[in-house]
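The block underneath contains the structure these notes are about, expressed in structure tokens.
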């Protein structure tokens, strides 16, 4: 039974069961895709995913950039009300991205929690870059981190 008070739902046990059921070639199985999509409230007639399981539903898309440093987060609400996220980040020498899909390990109960998780993921990636790869990354990276932090903790309006 799922605890409805938890903001994050860990789908890994259910996704692992699907992977085991359809063997190591699960990613090629239409039936496995249908089973994974059902965890997100998507049925074949809803057409909410492509053939790889990537969500094709409307997305909330936010971008941040400072010089050669970019960050992007995408949030998708699925038919059962869960939110999935994906992030993309790049620096002058590296980057990483992934698409929100039925194979995402975590689902979020609301947009705010998904938004916070995406910002935390991006902040961690850039802080790691700052500390380990390029300690002299300079003002641009520091400014991007400040933008991400500001987005995580919005100021209350006084009026």
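Numbering (my numbering), first residue to last: 874 to 1032.
Even glycine gets a Cβ: it sits at the ideal position worked out from N, Cα and C.
Inset, instruction - Return the chain-ordered list of same chain residues with a C-beta closer than 6 Å to the C-beta of residue 874, the five sequence neighbours on each side being excluded. - result: Low confidence applies here, because residue 874 scores a pLDDT of 42, under 50, leaving its location unreliable and the question unanswered by this model.
Legend entry - Delimiting residues of the beta strand (DSSP E) encompassing residue 962: Note, residue 962: beta strand (DSSP E), 956-963.
Legend entry - residue 901 burial status per 10 Å Cβ neighbour count (16 or more: buried): That one is exposed.
Legend entry - Option nearest residue 1020 by Cα separation, candidates 954, 983, 945, 923: Taking each of 954, 983, 945, 923 in turn and checking the Cα distance to residue 1020, the smallest one comes out for 945.
Inset, instruction - Look at residue 963 and residue 971 and say whether their C-beta atoms are less than 9 Å apart. - result: Cβ distance not < 9 Å, so residue 963 and residue 971 don't count as in contact.
Inset, instruction - For residue 940, count neighbouring C-beta atoms within 10 Å of its own C-beta (all shown protein chains included) and say buried if the count is 16 or more, exposed if not. - result: Result: exposed.
Inset, instruction - Using the DSSP secondary-structure output, state which residues sit across from residue 928 in a beta bridge. - result: Beta-bridge partners of residue 928 (DSSP): 922.
Inset, instruction - Please state if the CB of residue 909 and the CB of residue 976 are separated by a distance shorter than 9 Å. - result: Yes. Within cutoff.
Inset, instruction - For residue 825, count neighbouring Cβ atoms within 10 angstroms of its own Cβ and tell me buried if that reaches 16, exposed if not. - result: A question about residue 825 goes unanswered here, because the residues of the chain that appear run from 874 up to 1032.
Inset, instruction - Please classify residue 899: does DSSP put it in a helix, a strand, or coil? - result: Of the three classes helix, strand and coil, the one that applies to residue 899 here is helix, per DSSP.
Legend entry - Of the listed residues 978, 987, 1001, nearest to residue 969 (C-alpha basis): Scanning 978, 987, 1001 for the CA closest to the CA of residue 969 turns up 1001.
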